[in-house]
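Engineer:
Residue numbers (our numbering): 241 to 755.
#1: For residue 699, decide whether its Cβ has a neighbour in chain C, counting only Cβ atoms nearer than 7 angstroms.
#2: Looking at C-beta atoms only, is the number of pairs between the segment 719 to 736 and the segment 653 to 669 that lie closer than 8 angstroms three or more?
#3: For residue 308, is the classification buried or exposed, using 16 other Cβ atoms within 10 angstroms of its Cβ as the cut-off for buried?
#4: Use the C-beta contact count for residue 624: other C-beta atoms within 10 angstroms, 16 or more gives buried, fewer gives exposed.
#5: Are the segment 608 to 617 and the segment 660 to 677 touching, with three or more C-beta to C-beta distances below 8 angstroms?
#6: So, under 8 angstroms CB-CB, residue 694 and residue 710 are touching, yes? Tell me the CB distance rounded to an integer number of Å.
#7: Between which residues of its own chain and residue 717 is the CB-CB distance below 8 angstroms, once the five residues before and five after are set aside?
#8: Does the segment 567 to 586 come within contact of the segment 623 to 638, defined as at least 3 CB pairs closer than 8 angstroms?
#9: Identify the continuous beta strand (DSSP E) that holds residue 387 and give its terminal residues.
#10: When you compare the CB positions of residue 587 and residue 553, do they come within less than 7 angstroms of one another, or not?
#11: Specify whether the segment 423 to 434 and the segment 311 to 327 touch according to this definition: at least 3 beta carbon pairs, one from each stretch, less than 8 angstroms apart.
#12: Counting only runs of 3+ residues fully inside the segment 664 to 706, write out the beta strand (DSSP E) ranges in chain order.
#13: Rounded to whole angstroms, what's the CA-CA distance from residue 558 to residue 565? Just pull it up for me.
#14: Counting along the chain, where does the beta strand (DSSP E) carrying residue 624 start and finish?
#15: What does the alpha-carbon distance come out to for the pair residue 416 and residue 447?
#16: With 16 other CB atoms within 10 Å as the buried threshold, where does residue 337 fall?
#17: Would you kindly report the start and end of the unbroken alpha helix (DSSP H) that includes residue 732?
#18: Tell me which same chain residues have a C-beta within less than 6 angstroms of the C-beta of residue 410, skipping the five on either side of it?
#19: Using DSSP bridges, identify the partner residues of residue 752.
#20: DSSP three-state call for residue 710: helix, strand or coil?
#21: Cutting at 8 angstroms between CB atoms, please list the residues of its own chain near residue 663, excluding the five before and the five after it.
#22: Let me check understanding here. Comparing Cα to Cα, which of 538, 532 and 589 lies closest to residue 562?
#23: Residues bridged to residue 639 by DSSP?
#24: List the whole-angstrom C-beta distance separating residue 745 from residue 542, where the pair is believed to meet the contact cut-off of C-beta under 8 angstroms.
#25: Quick one: Cα of residue 310 to Cα of residue 272, how far?
#26: Tell me which residues share the same chain as residue 618 and place their Cβ nearer than 8 angstroms to its Cβ, disregarding the 5 neighbours each side in the sequence.
#27: What are the boundary residues of the beta strand (DSSP E) that includes residue 325?
#28: For residue 755, which option in 685, 486 and 509 has the closest C-alpha, if you only look at C-alpha atoms?
#29: My guess is that residue 259 and residue 437 are in contact by the Cβ rule of under 8 angstroms, so how many angstroms apart are they, rounded?
#30: Report the start-end ranges of each alpha helix (DSSP H) in the segment 409 to 472 that is 4 residues or longer and not cut off at the edges.
#31: In three-state terms, what does DSSP make of residue 659?
#32: Distance, Cα to Cα, residue 423 vs residue 262?
#33: Under the DSSP definition of a beta bridge, which residues are partnered with residue 564?
#34: Looking only at its chain, what residues have a beta carbon closer than 6 angstroms to the beta carbon of residue 550, apart from the 5 residues adjacent to it on each side?
#35: Write down the C-beta distance between residue 389 and residue 408 rounded to the nearest angstrom, noting that I regard them as a contact closer than 8 angstroms.
#36: May I ask you to report which of helix, strand or coil DSSP gives residue 543?
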């Protein structure tokens, strides 16, 4: 059921209850008022005639009695009037048909039975009250088939110390005019009720339209918004009511949705671009591990965001007689597109330097430092560890630009040692030079390169993965192949962090000499 129908039915229901009820109450009050007026008129008439009759009886003027009753009978409401003595005999009589006392004495049979039969009423009226008290009896009877108000008042004739109750005055007043007036009032009230109900119905329809039309428009506009059409403005009514407030809120919601959709579209576009950047960045990483005789080599990188700042790479160089493998690992401070761009610059510069220039660590880091200093202008720095492996001999030439010290596992002693050479990060000062260092890998030895994202991985309770755990895991699993060792270390770090996100990228490179 619509709101319009509910409002119309509600107002119509109220009108159907209130209007007839109020008219009925008004009719009942009008009936009561007319009846009281008729009764008051009868009381006044009987008292006046009683008083005048008493004086006439005291003076013996009975003709005056007949004239008084006849004159009173000319009133349109008077059906009959009479004066009776104490014995109940009619002394004077007149009615609206013109019948008088003379007619009654000439032919007693012509007297109305209603008058003759009701003698007990007369006697009862005379009997009531004290001797000198004027009493009135009132009742409704039928006279010639017509309901009348029958009133009787005692006549007290003055004489002696107290008045003598001589007889009574009796009048019958027609209730026809009262009944007709009530019937007319009821008809009028009925027509008024119908008119007011019809008027209420028209008002209800007009009011419901005034209320529901703005709501219909609001529903239409809200449906458009729900279906995704945000270009359609919400129709705001001119009235400053609740519908106006609701429509205003819907318009604010529509504008907010447009803004959010624009932001969402921008966010989705940025996310798509970041995903593309991540894909491109991952292609800059080695797509497969190098395969060299006598060596087992593996590397992996897990980024903390779409575009990370970690980097590792392999590049073969040297001659057929002295094959060499350039291995690099780096970490740009920060994440995002800017860090990814620095990483891409480092990769391009490394590959170019190794293939067309000197592959020795001091030359490679010196060139990288100048390029990154010019590119980042000290806004971003990059730690970098570079090694050049002589494949036939197992000699490792290395240099460090502020990166974490790598570990070398010595199988002969079953111990771990750090390559603790330092240096300033790339991009800090373009004029910085870097030293050449070297060490050897014997069969069974391993070189482990990593970024600080591993040792600084944080668990949900705030504890760090730290170096002790890392070194313990290396000792426990060093006998595994390089790819399995990298996988074990990565999984251990992820398990340590738990459900929380990584705070930093994690990169691992393992080079194991087999023979």
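No residue lacks a Cβ here, since even glycine has one placed at the ideal position from N, Cα and C. Since the structure is predicted, the reported quantities are computational estimates derived from the model, not experimental observations.
Structural biologist: Checking against the coordinates, here is how it stands:
#1: Here chain C cannot be found, since the structure has a single protein chain.
#2: no
#3: The residue you call residue 308 lines up with position 68 of the chain shown. Label assigned to residue 308: buried.
#4: Stepping through the chain shown from its first residue, residue 624 is reached at position 384. That one is buried.
#5: yes
#6: What you label residue 694 is simply residue 454 of the chain shown in a count that begins at 1. What you label residue 710 is simply residue 470 of the chain shown in a count that begins at 1. About 6 angstroms; that satisfies the 8 angstroms criterion.
#7: Here the question's residue 717 lines up with position 477 in the chain shown. So the list reads 724, 725, 728 and 729, once near-sequence residues are dropped.
#8: yes
#9: Counted from its first residue, the chain shown places residue 387 at position 147. Its beta strand (DSSP E) spans residues 386 to 397.
#10: Your numbering for residue 587 matches position 347 in the chain shown. Your numbering for residue 553 matches position 313 in the chain shown. Contact flag set, yes.
#11: no
#12: 677 to 680 and 686 to 690
#13: Against the chain shown, residue 558 aligns to sequence position 318. Against the chain shown, residue 565 aligns to sequence position 325. Cα to Cα, the separation comes out at about 8 angstroms.
#14: By one-based count along the chain shown, residue 624 stands at place 384. Looking at the DSSP string, the run of the beta strand (DSSP E) that includes residue 624 is 622 to 630.
#15: Against the chain shown, residue 416 aligns to sequence position 176. Against the chain shown, residue 447 aligns to sequence position 207. Straight-line Cα distance between these residues: approximately 45 angstroms.
#16: To locate residue 337, count along the chain shown from 1; it is residue 97. Residue 337 comes out exposed.
#17: What you label residue 732 is simply residue 492 of the chain shown in a count that begins at 1. Here the alpha helix (DSSP H) through residue 732 covers 722 to 737.
#18: As a working note, residue 410 is residue 170 in the chain shown. Contacts found: 322 and 392.
#19: The residue given as residue 752 occupies position 512 in the chain shown. Paired residue(s): 536 and 686.
#20: Here residue 710 refers to the residue found at position 470 of the chain shown. Residue state, collapsed to three classes: helix.
#21: For the purposes of this step, residue 663 is taken as residue 423 along the chain shown, with counting starting at 1. Result list for residue 663: 605, 639, 640, 641, 642, 672, 674 and 675, in chain order.
#22: Locating residue 562 in the chain shown gives position 322, where the first residue counts as 1. With distances taken between Cα atoms, residue 562 lies closest to 532.
#23: Looking up residue 639 in the chain shown gives position 399. Partner(s): 626.
#24: Counting from one through the chain shown, the residue named residue 745 turns up at place 505. Counting from one through the chain shown, the residue named residue 542 turns up at place 302. Going by Cβ atoms, the distance from residue 745 to residue 542 rounds to 7 angstroms, so yes, they are a contact pair.
#25: Counting from one through the chain shown, the residue named residue 310 turns up at place 70. Counting from one through the chain shown, the residue named residue 272 turns up at place 32. Those two C-alpha atoms are separated by around 29 angstroms.
#26: In the chain shown, counting from the first residue as 1, residue 618 sits at position 378. Contacts found: 667 and 668.
#27: Counting from one through the chain shown, the residue named residue 325 turns up at place 85. Element bounds for residue 325: 318 to 325.
#28: Here residue 755 refers to the residue found at position 515 of the chain shown. Checked all of 685, 486 and 509; the closest Cα to residue 755 is 685.
#29: For the purposes of this step, residue 259 is taken as the residue at position 19 of the chain shown. For the purposes of this step, residue 437 is taken as the residue at position 197 of the chain shown. That pair is a contact at about 6 angstroms.
#30: 416 to 466
#31: Here residue 659 corresponds to residue number 419 of the chain shown, with the count starting at 1. Here residue 659 sits in coil by DSSP.
#32: Translated into positions along the chain shown, residue 423 becomes position 183. Translated into positions along the chain shown, residue 262 becomes position 22. Going by the C-alpha atoms only, they are around 16 angstroms apart.
#33: Here residue 564 is taken as the residue at index 324 of the chain shown, counted from 1. Answer is 557 and 630, bridged to residue 564.
#34: Translated into the one-based positions of the chain shown, residue 550 becomes position 310. Counting only Cβ-Cβ distances below 6 angstroms, and skipping sequence neighbours, we find 541, 571, 691, 745 and 747.
#35: Residue 389 sits at position 149 when you count from the first residue of the chain shown. Residue 408 sits at position 168 when you count from the first residue of the chain shown. With 8 angstroms as the limit, residue 389 and residue 408 do not qualify as a contact, their Cβ atoms being about 16 angstroms apart.
#36: Position 303 of the chain shown holds residue 543. Three-state result, residue 543: coil.
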